[in-house]
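Participant: This is the structure I have questions about; it appears just below.
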Amino acid sequence: MFVVLVALLSVALVPLVVTQSANQATFKAQAESAKSELASVNASLQTAQSAAARLETDLQVRIKELEGERSAMQSELADKVARVRTLETEVANAQVAQAKFQAGLDLLSSSDKEKVELVKKLTDQLTDARTKEVQARSELVAAEGELASLTSKYENAVQARRDLEEEVQKLMEVKSQADARAAAPAAPAGPSAALGAAGETERVAADRNLVARIIDVRRTDEAIYAEIDAGSSSGVRQGWTLMIGDGATFVGDLRIIRVDVNRAVGIVELEDASGRGEVRSGQRAVARKGE
Numbered sequence: 011m012f013v014v015l016v017a018l019l020s021v022a023l024v025p026l027v028v029t030q031s032a033n034q035a036t037f038k039a040q041a042e043s044a045k046s047e048l049a050s051v052n053a054s055l056q057t058a059q060s061a062a063a064r065l066e067t068d069l070q071v072r073i074k075e076l077e078g079e080r081s082a083m084q085s086e087l088a089d090k091v092a093r094v095r096t097l098e099t100e101v102a103n104a105q106v107a108q109a110k111f112q113a114g115l116d117l118l119s120s121s122d123k124e125k126v127e128l129v130k131k132l133t134d135q136l137t138d139a140r141t142k143e144v145q146a147r148s149e150l151v152a153a154e155g156e157l158a159s160l161t162s163k164y165e166n167a168v169q170a171r172r173d174l175e176e177e178v179q180k181l182m183e184v185k186s187q188a189d190a191r192a193a194a195p196a197a198p199a200g201p202s203a204a205l206g207a208a209g210e211t212e213r214v215a216a217d218r219n220l221v222a223r224i225i226d227v228r229r230t231d232e233a234i235y236a237e238i239d240a241g242s243s244s245g246v247r248q249g250w251t252l253m254i255g256d257g258a259t260f261v262g263d264l265r266i267i268r269v270d271v272n273r274a275v276g277i278v279e280l281e282d283a284s285g286r287g288e289v290r291s292g293q294r295a296v297a298r299k300g301e
């Protein structure tokens with residue numbers, strides 16, 4: 011009877027074992043897919059944040075310049091308007107003077123030659139005043155056109171900054187969704203997943219901003235290691251994650267696993283050799299406070 015009972019239990023447990031194995035494989039595949047997606051989103055986010063920071067700075071500088079130029083142009087425009095008003099007054103005064111002269115010309119006892127010279131002088135003054143008025147009006151129209159163009163450039167720069175802020179916000183939302191998907195299948199994956207996470211260096215947010223240089227890169231079958239020229243004397247701590255950049259290009263992340271006084275070594279993550287290029291000596295490694 012005991013033998014029969016054992017046999018029946020064995021037969022009943024076989025489907026459970028098979029089902030559990032299949033579930034483990036499915037959860038593992040889901041976890042790997044989510045982690046891959048998260049790594050891709052993190053890389054895109056780092057690139058976008060770096061580009062956004064540079065563009066934000068450029069836009070702020072350009073907006074300040076445009077504000078200064080617009081203020082100067084408005085001041086110049088006000089001066090030109092005042093100049094036109096002054097010239098209008100001069101023309102009006104010249105016209106009045108000429109009219110008075112013409113009215114009293116017959117009463118003068120001077121010779122015809124003196125009369126002609128006086129008429130010519132007044133006419134020249136009136137012509138000069140009118141010429142200056144026309145020139146001032148032309149300058150006023152040109153200044154108004156320049157101010158309109160400058161205002162348009164300023165508005166475009168402000169809109170570009172707003173568009174950039176919206177793009178970064180959307181990317182942050184995508185990253186949050188990817189983080190959630192990556193965390194979801196990790197729970198039922200079993201003890202092996204927990205052991206894998208425990209084996210990694212605990213990530214620690216940087217408590218300061220820091221820029222270092224990569225001085226050595228070593229590649230093995232298991233990982234890529236990079237050494238930087240900053241250590242504990244500069245405040246570097248194990249668990250920091252630094253962003254590796256080559257000029258304006260995001261290359262990857264460096265997760266610090268060992269720290270000496272003036273040196274630190276980390277594992278390279280998110281490298282895309284065929285896309286953004288390999289991590290190599292001379293590139294910058296940047297830590298940002300709170301990240």
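Heads up: the sequence shown at position 141 corresponds to 151 in the working numbering, and the numbers run straight through without jumps.
Just so it is clear, CB atoms sit at the ideal spot from N, CA and C, and this is done for glycine as well.
The structure presented is a predicted model; accordingly, all values stated were derived computationally and were not measured.
Apply the 10 Å Cβ neighbour rule to E237 and answer buried if 16 or more other Cβ atoms are within range, or exposed otherwise.
Facilitator: Along the sequence shown, one-based indexing puts residue 237 at 227. Counting Cβ neighbours within 10 Å, E237 comes out buried, since at least 16 surround it.
Participant: According to DSSP, simplified to helix, strand and coil, what is T251?
Facilitator: In the sequence shown, counting from the first residue as 1, residue 251 sits at position 241. Looking at T251 - three-state DSSP - the assignment turns out to be strand.
Participant: Check each candidate in A222, D231, Q84, A258 and name the one with the smallest Cα separation from S159.
Facilitator: The residue labelled residue 159 in the question sits at position 149 within the sequence shown. Here the closest residue by C-alpha is Q84.
Participant: Using only CA atoms, which one of S284, N272, A295 lies nearest to S244?
Facilitator: The residue you call residue 244 lines up with position 234 of the sequence shown. It is N272 whose Cα lies nearest to the Cα of S244.
Participant: Any heavy atom of the ligand NAD closer than 7 angstroms to the Cβ of L160?
Facilitator: Looking for the ligand NAD in the displayed structure turns up nothing, as the structure carries no ligands at all.
Participant: Name the DSSP beta bridge partners of V275, please?
Facilitator: Mapped onto the sequence shown, residue 275 falls at position 265. The partner list for V275 (beta bridge, DSSP) reads E237, R268.
Participant: Hey, how far is the Cα of Q70 from the Cα of S148?
Facilitator: Locating residue 70 in the sequence shown gives position 60, where the first residue counts as 1. Locating residue 148 in the sequence shown gives position 138, where the first residue counts as 1. For Q70 and S148, the distance between alpha carbons rounds to 33 angstroms.
Participant: Would I254 and Q293 qualify as a contact pair, given that the criterion is a beta-carbon distance under 8 angstroms?
Facilitator: Residue 254 sits at position 244 when you count from the first residue of the sequence shown. Residue 293 sits at position 283 when you count from the first residue of the sequence shown. Yes.
Participant: Assign D217 to buried or exposed, taking buried as 16 or more other Cβ atoms, counted over all protein chains shown, within 10 Å of its Cβ.
Facilitator: In the sequence shown, counting from the first residue as 1, residue 217 sits at position 207. D217 comes out exposed.
Participant: Can you round the beta-carbon distance between L220 and A240 to whole angstroms, since I take them to be within the 8 angstroms contact cut?
Facilitator: Along the sequence shown, read from residue 1 onward, the residue named residue 220 stands at position 210. Along the sequence shown, read from residue 1 onward, the residue named residue 240 stands at position 230. Going by Cβ atoms, the distance from L220 to A240 rounds to 6 angstroms, so yes, they are a contact pair.
Participant: Can you tell me whether A158 is helix, strand or coil according to DSSP?
Facilitator: Taking the sequence shown and counting its residues from 1, the one referred to as residue 158 is at position 148. If DSSP states are grouped into helix, strand and coil, A158 belongs with the helices.
Participant: Quick check: the Cα distance between G262 and A49, rounded to an integer number of angstroms?
Facilitator: To locate residue 262, count along the sequence shown from 1; it is residue 252. To locate residue 49, count along the sequence shown from 1; it is residue 39. Those two C-alpha atoms are separated by around 10 angstroms.
Participant: Starting from V221, follow the beta strand (DSSP E) in both directions and report where the run begins and ends.
Facilitator: On the sequence shown, residue 221 is found 211 positions in, with the first residue counted as 1. Residues 220–229.
Participant: What's the C-alpha gap between P198 and K45?
Facilitator: Start at 1 with the first residue of the sequence shown, and residue 198 comes out as number 188. Start at 1 with the first residue of the sequence shown, and residue 45 comes out as number 35. Summary for P198: the model assigns pLDDT 40, below 50, so the residue's position carries little reliability, and this model does not support an answer.
Participant: Check whether the region 167–176 and the region 132–142 are in contact - that is, three or more C-beta pairs closer than 8 angstroms.
Facilitator: Contact fails: fewer than three Cβ-Cβ distances are below 8 angstroms.
Participant: Expressed to the nearest angstrom, what Euclidean distance is found between the alpha-carbon atoms of R93 and I73?
Facilitator: By 1-based counting over the sequence shown, the position of residue 93 is 83. By 1-based counting over the sequence shown, the position of residue 73 is 63. Rounded to the nearest angstrom, the two C-alpha atoms are 30 angstroms apart.
Participant: Assuming R268 contacts V227 under a Cβ cut-off of 8 angstroms, what Cβ separation, rounded to an integer in Å, is found between them?
Facilitator: By 1-based counting over the sequence shown, the position of residue 268 is 258. By 1-based counting over the sequence shown, the position of residue 227 is 217. Contact flag wrong, Cβ pair sits at about 15 angstroms.
Participant: Buried or exposed for K90, please, with buried defined as at least 16 other CB atoms from any protein chain shown within 10 angstroms of its CB.
Facilitator: For the purposes of this step, residue 90 is identified with residue 80 of the sequence shown, where counting begins at 1. Buried is the call here.
Participant: Cβ of L157 within 8 angstroms of Cβ of R95?
Facilitator: Numbered from 1 along the sequence shown, position 147 holds the residue referred to as residue 157. Numbered from 1 along the sequence shown, position 85 holds the residue referred to as residue 95. Cβ atoms of L157 and R95: not closer than 8 angstroms.
Participant: Taking buried to mean at least 16 other C-beta atoms within 10 Å of its own C-beta, is G276 buried or exposed?
Facilitator: By 1-based counting over the sequence shown, the position of residue 276 is 266. With 16 or more Cβ atoms within 10 Å of its Cβ, G276 is classed as buried.
Participant: For S291, which three-state DSSP category applies?
Facilitator: As a first step, residue 291 must be located in the sequence shown, where it is residue number 281. Coil, per DSSP.
Participant: Can you tell me whether DSSP reads D217 as helix, strand or coil?
Facilitator: To locate residue 217, count along the sequence shown from 1; it is residue 207. If DSSP states are grouped into helix, strand and coil, D217 belongs with coil.
Participant: Considering only residues of the same chain and omitting the five flanking positions on each side of L18, which have a CB-CB separation below 7 angstroms?
Facilitator: One-based indexing of the sequence shown puts residue 18 at position 8. With a pLDDT of 48 at L18, under the threshold of 50, the modelled position of this residue cannot be trusted; read the value that follows with caution. So no residue of the chain qualifies.
Participant: Going by the CB atoms, is the gap between E143 and L97 shorter than 8 angstroms?
Facilitator: As a first step, residue 97 must be located in the sequence shown, where it is residue number 87. As a first step, residue 143 must be located in the sequence shown, where it is residue number 133. Yes; because the gap between Cβ atoms is below 8 angstroms, this pair is in contact.
Participant: Going by C-alpha distance, which of V246, R286, Q145 is nearest K299?
Facilitator: On the sequence shown, residue 299 is found 289 positions in, with the first residue counted as 1. Checking every option, the nearest Cα to that of K299 belongs to V246.
Participant: Is T67 buried or exposed, if buried means 16 or more other CB atoms sit within 10 Å of its CB?
Facilitator: Taking the first residue of the sequence shown as position 1, residue 67 is located at position 57. T67 should be labelled exposed.
Participant: A274 to V214, Cα distance in whole Å?
Facilitator: For the purposes of this step, residue 274 is identified with residue 264 of the sequence shown, where counting begins at 1. For the purposes of this step, residue 214 is identified with residue 204 of the sequence shown, where counting begins at 1. Distance between the alpha carbons of A274 and V214: 15 angstroms.
Participant: Closer than 7 angstroms by C-beta to E212: which residues in its own chain qualify, once you throw out the five before and the five after it? Chain order, please.
Facilitator: Working through the sequence shown from its first residue, we reach residue 212 at position 202. G249.
Participant: Does the beta-carbon distance from A139 to V101 come in below 8 angstroms?
Facilitator: Here residue 139 refers to the residue found at position 129 when the sequence shown is read from its first residue. Here residue 101 refers to the residue found at position 91 when the sequence shown is read from its first residue. For A139 and V101, yes; Cβs fall inside 8 angstroms.
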